[in-house]
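Set out below in structure tokens:
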């Protein structure tokens with residue numbers, strides 16, 4: 102029969118590995134959702150501008166904010182990936 106300390110250590114390692122895997126899956130899902138949402142927001146901005154619901158200045162402002170948010174997300178992802 103295995104020593105109790107070995108059994109407990111194995112159990113804790115399994116729990117930690119499962120937790121890390123679920124955390125990685127959540128991050129990937131969030132990044133994919135964010136990318137999909139960014140594309141749909143861009144399409145909505147273009148449609149609103151083409152229908153003259155937004156002024157050019159408003160469109161530029163919102164587009165810059167969208168690009169800044171997307172760039173911030175990309176930089177956070179590359180920073181995490183480098184670790």
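In our numbering, the protein residues as written are 102 to 184.
Note that beta-carbon positions come from the ideal geometry of N, C-alpha and C, so glycine has one too.
As the structure is a computational prediction, the values presented were derived from the model and not from experiment.
Excluding sequence positions up to five away, which residues of its chain have a Cβ less than 6 Å from the Cβ of residue i?
i           : result
residue 116 : none
residue 199 : Nothing in the structure corresponds to residue 199, since the chain is present only between 102 and 184.
Using C-beta distances below 7 Å, list every residue in its chain close to residue i, excluding the 5 sequence neighbours before and after it, in chain order.
i           : result
residue 184 : Note that residue 184 has pLDDT 46, beneath the 50 cutoff, so the model's placement of it is unreliable and the number below is only indicative. Correct list: empty, nothing qualifies.
residue 171 : 139
Identify, in the order they occur along the chain, each residue of the same chain with its Cβ nearer than 8 Å to the Cβ of residue i, setting aside the five sequence neighbours on each side.
i           : result
residue 138 : none
residue 160 : 146, 149 and 150
residue 120 : none
Is the beta carbon of residue j closer than 7 Å to that of residue i?
i           : j           : result
residue 163 : residue 146 : yes
residue 167 : residue 142 : yes
Contained alpha helix (DSSP H) runs [length at least 4] in the stretch 104-158, N- to C-terminal order = 105-151
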